[in-house]
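Trainee: Please read through the structure below; I'll follow up with questions.
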Amino acid sequence: AQKVTQAQTEISVVEKEDVTLDCVYETRDTTYYLFWYKQPPSGELVFLIRRNSFDEQNEISGRYSWNFQKSTSSFNFTITASQVVDSAVYFCALTASGGSYIPTFGRGTSLIVHP
Amino acid sequence: DAGVIQSPRHEVTEMGQEVTLRCKPISGHDYLFWYRQTMMRGLELLIYFNNNVPIDDSGMPEDRFSAKMPNASFSTLKIQPSEPRDSAVYFCASSLAGEHSYNEQFFGPGTRLTVL
Chain A
163 AQKVTQAQTE
173 ISVVEKEDVT
183 LDCVYETRDT
193 TYYLFWYKQP
203 PSGELVFLIR
213 RNSFDEQNEI
223 SGRYSWNFQK
233 STSSFNFTIT
243 ASQVVDSAVY
253 FCALTASGGS
263 YIPTFGRGTS
273 LIVHP
Chain B
1041 DAGVIQSPRH
1051 EVTEMGQEVT
1061 LRCKPISGHD
1071 YLFWYRQTMM
1081 RGLELLIYFN
1091 NNVPIDDSGM
1101 PEDRFSAKMP
1111 NASFSTLKIQ
1121 PSEPRDSAVY
1131 FCASSLAGEH
1141 SYNEQFFGPG
1151 TRLTVL
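Protein chains in written order, with our numbering: chain A, 163 to 277; chain B, 1041 to 1156.
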């Protein structure tokens, strides 16, 4: 069985603050893939990043960065200098062969960035 | 590409009526997923298709729900009869299988269903 836990239901920050969204996963498979999606108020989920289990390099894309640590089964997402447009619900997801590569989504973290 | 297209965007109906939600996946994608999102239950996978064939419908809540994919460019999710507890946002998503079927999903804008 596989599971994704996003313990933070809602985070509220003021613009320009850095914020980290936590994601902890469980899987018995050695080959798996982790994803982050963003769901802005308009409603459509948008893909942000994919990571495979063999690549623990952290990734940075502009103000976004991701920290993948197999030792703690975590794939955390940091937004640097947050902006109001970052306000959204963020979902972490996992796919693995044991789950037929069908994504398991976390419950999501609602990020509110105040001006 | 236009992305995943869903219609209608909003649907308000009365209990007992039949509801049909429609989805056009991204051309060339071979997987199609139907999800339901509610505050209480989060994002739930209802059913998914591979090359137009339903693979797993274990997430379909009950027999009132049915889904079809008659061709690679069209899928429907039908609820008959609808009930107030079916009120939710229904998403369709498509993806292209990679070597290990790990590719990301592309979501449609969703259909917000309200059953009175």
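Note that CB positions come from ideal geometry on N, CA and C, so glycine has one too.
1) Go through its chain and collect everything with a Cβ distance to B:Q1120's Cβ below 7 Å, but skip five positions before and after it.
2) Contact criterion: CB-CB distance below 7 Å. Does A:G260 meet it with respect to chain B?
3) Do B:Y1075 and B:F1131 have their C-beta atoms closer together than 7 Å?
4) Give a yes or no on whether 7 Å exceeds the smallest Cβ distance from A:F239 to chain B.
5) Short of 6 Å in beta carbon distance, which residues of its chain neighbour B:K1118, apart from the five on each side in sequence? Order them along the chain.
6) Please classify B:K1064: is it buried, with 16 or more other beta-carbons within 10 angstroms of its beta-carbon, or exposed?
7) Using only alpha-carbon positions, find the residue among A:T167, A:V176, A:V166, A:K165 that is nearest to A:S249.
8) Can the beta-carbon of A:D191 be found closer than 7 Å to that of A:S259?
9) Whole angstroms are fine: how far does the CA of A:T240 sit from the CA of A:V275?
10) What did DSSP end up calling B:P1044 once you bin it into helix, strand or coil?
11) What does the Cβ neighbour count give for A:I222, buried or exposed, with the cut at 16 atoms within 10 Å?
12) Rounded to whole angstroms, what is the Cα-Cα separation between A:I211 and B:L1153?
13) Using a Cβ-Cβ distance under 7 Å, would B:L1083 count as near chain A?
14) What is the rounded straight-line gap between the Cα of A:W198 and the Cα of B:S1067?
Mentor: For this structure:
1) E1058, R1104
2) no
3) yes
4) no
5) T1060, S1106
6) buried
7) A:V176
8) yes
9) 14 Å
10) Checking the sequence, you will find Val at residue 1044 of chain B rather than Pro. Looking at B:V1044 - three-state DSSP - the assignment turns out to be coil, as it is neither helix nor strand.
11) exposed
12) 29 Å
13) yes
14) 23 Å
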